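Enquirer:
2 protein chains.
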Amino acid sequence: MKVTILGNNSALPAYGRNPTAQIVQIENEILLIDCGEGTQMRMAQYGHKAMRINHIFISHYHGDHFFGLVALISSMSLLGRTNALFIYCNQFIKEVIEFQLQWDLGFEIIYDFLNEGEAKLLLDESKFVVRCFPVFHSVPTHGFIFSEKKRKRILLPEQLTKYEIPKYFYSKLTDGFDYEDEYGNIIANEWVTKKGNISKSYAYTADTVFNKEICQYFMEVDLLYHETTYLQNESEKAKSRYHSTAMQAAEIAVASHAKKLIIGHFSSRYKDLSPFLSEAQTVFEPTELALEGITFDV
Amino acid sequence: MKVTILGNNSALPAYGRNPTAQIVQIENEILLIDCGEGTQMRMAQYGHKAMRINHIFISHYHGDHFFGLVALISSMSLLGRTNALFIYCNQFIKEVIEFQLQWDLGFEIIYDFLNEGEAKLLLDESKFVVRCFPVFHSVPTHGFIFSEKKRKRILLPEQLTKYEIPKYFYSKLTDGFDYEDEYGNIIANEWVTKKGNISKSYAYTADTVFNKEICQYFMEVDLLYHETTYLQNESEKAKSRYHSTAMQAAEIAVASHAKKLIIGHFSSRYKDLSPFLSEAQTVFEPTELALEGITFDV
Numbered sequence: 336m337k338v339t340i341l342g343n344n345s346a347l348p349a350y351g352r353n354p355t356a357q358i359v360q361i362e363n364e365i366l367l368i369d370c371g372e373g374t375q376m377r378m379a380q381y382g383h384k385a386m387r388i389n390h391i392f393i394s395h396y397h398g399d400h401f402f403g404l405v406a407l408i409s410s411m412s413l414l415g416r417t418n419a420l421f422i423y424c425n426q427f428i429k430e431v432i433e434f435q436l437q438w439d440l441g442f443e444i445i446y447d448f449l450n451e452g453e454a455k456l457l458l459d460e461s462k463f464v465v466r467c468f469p470v471f472h473s474v475p476t477h478g479f480i481f482s483e484k485k486r487k488r489i490l491l492p493e494q495l496t497k498y499e500i501p502k503y504f505y506s507k508l509t510d511g512f513d514y515e516d517e518y519g520n521i522i523a524n525e526w527v528t529k530k531g532n533i534s535k536s537y538a539y540t541a542d543t544v545f546n547k548e549i550c551q552y553f554m555e556v557d558l559l560y561h562e563t564t565y566l567q568n569e570s571e572k573a574k575s576r577y578h579s580t581a582m583q584a585a586e587i588a589v590a591s592h593a594k595k596l597i598i599g600h601f602s603s604r605y606k607d608l609s610p611f612l613s614e615a616q617t618v619f620e621p622t623e624l625a626l627e628g629i630t631f632d633v
Numbered sequence: 336m337k338v339t340i341l342g343n344n345s346a347l348p349a350y351g352r353n354p355t356a357q358i359v360q361i362e363n364e365i366l367l368i369d370c371g372e373g374t375q376m377r378m379a380q381y382g383h384k385a386m387r388i389n390h391i392f393i394s395h396y397h398g399d400h401f402f403g404l405v406a407l408i409s410s411m412s413l414l415g416r417t418n419a420l421f422i423y424c425n426q427f428i429k430e431v432i433e434f435q436l437q438w439d440l441g442f443e444i445i446y447d448f449l450n451e452g453e454a455k456l457l458l459d460e461s462k463f464v465v466r467c468f469p470v471f472h473s474v475p476t477h478g479f480i481f482s483e484k485k486r487k488r489i490l491l492p493e494q495l496t497k498y499e500i501p502k503y504f505y506s507k508l509t510d511g512f513d514y515e516d517e518y519g520n521i522i523a524n525e526w527v528t529k530k531g532n533i534s535k536s537y538a539y540t541a542d543t544v545f546n547k548e549i550c551q552y553f554m555e556v557d558l559l560y561h562e563t564t565y566l567q568n569e570s571e572k573a574k575s576r577y578h579s580t581a582m583q584a585a586e587i588a589v590a591s592h593a594k595k596l597i598i599g600h601f602s603s604r605y606k607d608l609s610p611f612l613s614e615a616q617t618v619f620e621p622t623e624l625a626l627e628g629i630t631f632d633v
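Protein sequence lines correspond, in order, to chains A and B. Letter by letter, the first sequence follows residues 336 to 633 of the numbering used here. Letter by letter, the second sequence follows residues 336 to 633 of the numbering used here.
1) Would you mind reading off the limits of the alpha helix (DSSP H) that contains asparagine 524/B?
2) For proline 348/B and chain A, any beta-carbon pair shorter than 9 Å?
3) Could you confirm whether any beta carbon from chain A is found closer than 9 Å to the beta carbon of glutamine 375/B?
4) Helix, strand or coil for alanine 585/B, going by three-state DSSP, please let me know.
5) I'd like to know if the segment 494 to 504 of chain A and the segment 570 to 588 of chain A are in contact, where contact means that at least 3 CB-CB pairs between them fall below 8 Å.
6) Can you pull out the residues from the segment 427 to 452 of chain B whose beta carbon lies closer than 7 Å to at least one beta carbon of chain A?
7) Name the DSSP bridge partner or partners of isoleucine 408/B?
8) So the candidates are Asn568/B, Ser579/B and Met554/B; which of them puts its Cα closest to the Cα of glutamate 562/B?
9) For arginine 352/B, name the three-state secondary structure that DSSP assigns.
10) Hey, out of Asn418/A, Val544/A, Gln375/A and Gln551/A, whose CA is closest to serine 570/A's CA?
11) Going by DSSP, name the residue or residues bridged to phenylalanine 471/A.
12) Applying a beta-carbon distance threshold of less than 9 Å, which residues of chain A neighbour glycine 403/B?
13) What residue does the alpha helix (DSSP H) around tyrosine 505/A start on, and which one ends it?
14) With a Cβ-Cβ cutoff of 9 Å, do arginine 352/A and phenylalanine 611/A count as a contact?
15) Output the distance between the C-alpha atoms of tyrosine 446/A and glutamate 430/A, rounded to the nearest integer angstrom.
16) My guess is that histidine 395/A and asparagine 425/A are in contact by the Cβ rule of under 8 Å, so how many angstroms apart are they, rounded?
17) Quick one: residues in its chain with C-beta nearer than 6 Å to the C-beta of lysine 487/A, no 5 flanking neighbours on either side, listed in chain order?
18) Counting only beta-carbon atoms, is alanine 379/A nearer than 9 Å to chain B?
19) Excluding the 5 residues preceding and the 5 following alanine 406/A in the sequence, name in chain order all residues of the same chain whose CB lies nearer than 7 Å to its CB.
20) Roughly how many whole angstroms lie between the Cα atoms of tryptophan 608/A and leucine 341/A?
21) On a Cα-Cα basis, can you pick out the residue from Phe479/A, Ala588/A, Gly599/A and Thr417/A that is closest to leucine 367/A?
22) Between lysine 337/A and threonine 540/A, how many whole angstroms is the CB-CB distance? I'm expecting something under 8 Å.
23) Determine the direct distance from the alpha carbon of glycine 373/A to that of glycine 373/B, and round the result to whole angstroms.
24) Using the C-alpha atoms, what's the distance from arginine 377/B back to leucine 559/B?
25) Note down, in chain order, each residue of its chain lying with its Cβ closer than 6 Å to the Cβ of tyrosine 577/A, except the 5 sequence neighbours on either side.
26) When you compare only the Cα positions, how much space is there between isoleucine 432/A and threonine 355/B?
27) Leaving out five residues before and five after tyrosine 514/B in sequence, what residues of the same chain have Cβ atoms less than 6 Å from its Cβ?
28) Report yes or no: is there a C-beta of chain A within less than 9 Å of the C-beta of serine 394/B?
29) Are the beta-carbon atoms of tyrosine 423/B and histidine 383/B separated by less than 9 Å?
30) What did DSSP end up calling serine 570/A once you bin it into helix, strand or coil?
31) Identify the contact partners of leucine 413/B in chain A, using a Cβ-Cβ distance below 8 Å as the criterion.
32) Along chain A, in chain order, which residues have C-beta atoms closer than 9 Å to that of asparagine 330/B?
33) From glutamine 437/B to leucine 491/B, what does the alpha carbon distance come to, in whole angstroms?
34) List, in order along the chain, the chain A residues whose C-beta lies closer than 7 Å to that of serine 410/B?
35) Specify the secondary structure class of alanine 615/A as computed by DSSP and reduced to three states.
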């Protein structure tokens with residue numbers, strides 16, 4: 336799983352930084368989280384084709400998280416898309432799309448509405464799942480967690496030969512079952528298989544005020560994105576605007592036992608981002624800035 | 336008067352080229368023509384402040400000409416704008432803005448609707464006027480002409496002394512009147528003044544199929560922008576989609592006696608733009624490509 340940052344600024348674009356958008360790559364799937372203005376241009380800039388996106392997750396209806404969506408969908412239509420597009424969003428987003436794009440797009444848009452305060456399964460694919468969970472912002476807002484499914488165990492060919500396991504039983508072995516031969520002998524699963532690759536997970540917590548209640552939805556995640564609109568010396572402003580500071584983001588990483596933290600959604604008042612990094616690292620060392628164009632391996 | 340190109344591509348962004356937007360600077364006024372996605376980012380990139388814009392001219396309601404408008408207005412609001420904003424557009428644009436921005440922006444938007452087929456005066460400032468005129472596209476579309484007002488004649492101080500012209504008559508002299516003294520002697524205007532600076536004009540013809548009827552609205556313009564979505568070998572496609580070729584743009588420049596032509600709105604099928612320039616220059620030599628970031632002196 337990989338996460339590419341397309342935009343890392345808050346409401347107003349500034350210093351060449353753009354509004355929020357991220358690409359999540361899992362297996363062959365390209366998923367889009369939020370879609371600030373200009374997202375389709377930055378996708379092209381970083382080598383991602385709009386047409387490969389089948390699922391778009393919009394955290395909330397503030398403009399810096401969706402003003403690029405109508406244009407992206409319009410481009411998909413102009414490019415001749417026929418595959419259905421799935422959008423997970425607040426109902427207002429659907430209304431905006433339908434108000435602006437009043438022509439036959441050539442493909443269906445299937446909406447799954449995120450209801451205020453609700454955590455639920457959004458997408459269940461063969462190799463991963465995506466869930467949403469509520470966070471605490473000035474309007475109904477959701478975070479998303481992308482989790483690879485539990486990997487199957489890996490067969491050990493020499494051991495399979497040694498214990499004379501019949502081929503029809505191989506898929507049972509990868510699922511973890513022991514083998515019992517015709518004489519009642521048990522061949523333990525761990526004698527003929529090894530552990531599969533670790534299943535990774537990525538949590539995107541959108542725009543939110545500092546609140547540890549959200550941690551329950553993404554405990555022990557491999558990579559956590561948390562917003563840091565302000566530095567800690569503006570914590571009162573952060574709170575009043577339902578945003579967080581770099582220190583608070585790091586505290587969420589600690590509380591949720593995240594393995595790594597990336598921070599973004601910087602206020603346009605800050606030109607230099609290095610204080611965000613140093614502030615967060617005082618609390619949680621494995622932190623990085625979510626800089627535009629960077630791809631993080633989960 | 337100066338014209339800065341912010342976007343020069345047609346419907347789909349491609350090869351780093353962006354959808355249509357232009358800045359016109361006249362005296363101290365910054366005017367915006369069309370507002371494709373990402374216009375506010377490119378304004379910042381080229382050093383133009385969004386807050387200085389008081390007048391926005393939207394040629395038609397195709398997305399590549401206005402998908403950046405809601406985000407631009409939203410930013411103006413977040414930046415604390417209080418001055419009224421004037422938008423000259425089709426009524427649908429107003430509906431889109433009002434549908435998406437359902438909060439108190441902190442400033443008034445004053446709309447002037449461009450009615451299908453109508454040419455009219457939009458803006459009459461002390462030093463310039465802006466008019467719209469109908470062009471021929473698949474939806475109601477208007478071009479715009481920006482004209483400096485006729486400059487006053489310039490006084491010649493030594494001659495004023497020599498002919499003993501009283502000061503109260505100076506403003507009449509700059510308006511071109513002769514002076515008659517108390518004895519009935521006529522002092523001809525050209526003896527005591529010289530010609531004022533030449534008044535310049537810029538015509539933006541938006542998206543249009545090739546049609547010389549539009550020339551009547553901008554004869555002898557100093558700078559003409561005409562779209563060139565295709566090359567001449569795609570003239571049938573251009574016609575069917577209500578667009579023009581480079582050769583046709585040049586023919587409009589010839590027919591309207593323009594002094595200089597700039598061409599843009601290139602289809603995303605073309606990576607190399609040099610064939611557009613050479614094709615247009617075979618018909619009208621003083622042609623330039625409307626490349627993004629370039630400022631043309633009118």
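Yeah, the Cβ is synthetic: ideal placement off N, Cα and C, and Gly gets one too. None of the values given here were measured: they were computed from a predicted structure.
Expert: Taking the coordinates as given:
1) As a working mapping, residue 524/B is identified with position 189 in the second sequence. Per DSSP, asparagine 524/B belongs to the alpha helix (DSSP H) from 524 to 527.
2) The sequence position of residue 348/B within the second sequence is 13, counting from 1. Chain A, which has a Cβ nearer than 9 Å to the Cβ of proline 348/B, makes this yes.
3) Start at 1 with the first residue of the second sequence, and residue 375/B comes out as number 40. Closer than 9 Å to the CB of glutamine 375/B there is at least one CB belonging to chain A.
4) As a working note, residue 585/B is residue 250 in the second sequence. The answer is helix: DSSP assigns alanine 585/B an H, G or I state.
5) Because the criterion of three Cβ pairs below 8 Å is not met, the segment 494 to 504 of chain A and the segment 570 to 588 of chain A do not touch.
6) Val431, Phe434 and Gln435
7) Counting from one through the second sequence, the residue named residue 408/B turns up at place 73. Answer is none; isoleucine 408/B lacks a bridge partner.
8) As a working mapping, residue 562/B is identified with position 227 in the second sequence. Answer by Cα proximity: Ser579/B.
9) As a position in the second sequence, residue 352/B is number 17, starting the count at 1. Residue state, collapsed to three classes: strand.
10) Against the first sequence, residue 570/A aligns to sequence position 235. Residue Val544/A is the option with its Cα nearest to serine 570/A.
11) As a working note, residue 471/A is residue 136 in the first sequence. In the DSSP output, where bridge partners are listed per residue, phenylalanine 471/A has none listed.
12) As a working mapping, residue 403/B is identified with position 68 in the second sequence. What glycine 403/B touches in chain A: Glu372, Gly373, Phe402 and Ala406.
13) Translated into the one-based positions of the first sequence, residue 505/A becomes position 170. That run of the alpha helix (DSSP H) goes 505 to 509.
14) As a first step, residue 352/A must be located in the first sequence, where it is residue number 17. As a first step, residue 611/A must be located in the first sequence, where it is residue number 276. The answer is no: Cβ separation not under 9 Å.
15) The sequence position of residue 446/A within the first sequence is 111, counting from 1. The sequence position of residue 430/A within the first sequence is 95, counting from 1. Answer to the nearest angstrom: the Cα atoms are 11 Å apart.
16) Position 60 of the first sequence, counting from 1, holds the residue named residue 395/A. Position 90 of the first sequence, counting from 1, holds the residue named residue 425/A. The Cβ separation is near 6 Å, so the contact holds.
17) Reading the first sequence from its first residue, position 152 is the one you call residue 487/A. Excluding residues within five positions, the ones whose Cβ falls inside 6 Å are Thr509 and Gly531.
18) On the first sequence, residue 379/A is found 44 positions in, with the first residue counted as 1. Yes, its Cβ sits closer than 9 Å to a Cβ of chain B.
19) As a first step, residue 406/A must be located in the first sequence, where it is residue number 71. Within the same chain, alanine 406/A has close Cβ partners Gln375.
20) As a first step, residue 608/A is located in the first sequence; it is residue number 273 there, counting from the start. As a first step, residue 341/A is located in the first sequence; it is residue number 6 there, counting from the start. Note that residue 608/A corresponds to leucine in the displayed sequence, not to tryptophan. Cα to Cα, the separation comes out at about 16 Å.
21) For this step, residue 367/A is matched to residue 32 along the first sequence. Of the candidates Phe479/A, Ala588/A, Gly599/A and Thr417/A, the residue whose Cα lies closest to the Cα of leucine 367/A is Phe479/A.
22) Counting from one through the first sequence, the residue named residue 337/A turns up at place 2. Counting from one through the first sequence, the residue named residue 540/A turns up at place 205. Incorrect: roughly 18 Å between the Cβ atoms, too far for contact.
23) Position 38 of the second sequence holds residue 373/B. Position 38 of the first sequence holds residue 373/A. Rounded to the nearest angstrom, the two C-alpha atoms are 5 Å apart.
24) Along the second sequence, read from residue 1 onward, the residue named residue 559/B stands at position 224. Along the second sequence, read from residue 1 onward, the residue named residue 377/B stands at position 42. Taking the straight line from one Cα to the other gives about 22 Å.
25) For the purposes of this step, residue 577/A is taken as the residue at position 242 of the first sequence. Taken in chain order, the residues that qualify are His472, Ser473 and Val544.
26) Within the first sequence, residue 432/A is the residue found at index 97, counting from 1. Within the second sequence, residue 355/B is the residue found at index 20, counting from 1. If you take the alpha carbons of isoleucine 432/A and threonine 355/B, they lie about 21 Å apart.
27) On the second sequence, position 179 is the one that residue 514/B refers to. So the qualifying residues of the chain are Ile500, Phe504 and Ile522.
28) As a first step, residue 394/B is located in the second sequence; it is residue number 59 there, counting from the start. Chain A, which has no Cβ nearer than 9 Å to the Cβ of serine 394/B, makes this no.
29) Mapped onto the second sequence, residue 423/B falls at position 88. Mapped onto the second sequence, residue 383/B falls at position 48. No, Cβ-Cβ distance for tyrosine 423/B and histidine 383/B is not below 9 Å.
30) Here the question's residue 570/A lines up with position 235 in the first sequence. Looking at serine 570/A - three-state DSSP - the assignment turns out to be helix.
31) Sequence index remark: in the second sequence, residue 413/B carries index 78 (1-based). Simply Ala346 and Leu347.
32) The requested residue 330/B is not part of the displayed model; chain B covers only 336 to 633.
33) As a first step, residue 437/B must be located in the second sequence, where it is residue number 102. As a first step, residue 491/B must be located in the second sequence, where it is residue number 156. Glutamine 437/B and leucine 491/B: Cα-Cα distance of roughly 57 Å.
34) Locating residue 410/B in the second sequence gives position 75, where the first residue counts as 1. When 7 Å is used as the limit between beta carbons, serine 410/B is near these residues of chain A: Leu347, in chain order.
35) Residue 615/A sits at position 280 when you count from the first residue of the first sequence. If DSSP states are grouped into helix, strand and coil, alanine 615/A belongs with the helices.
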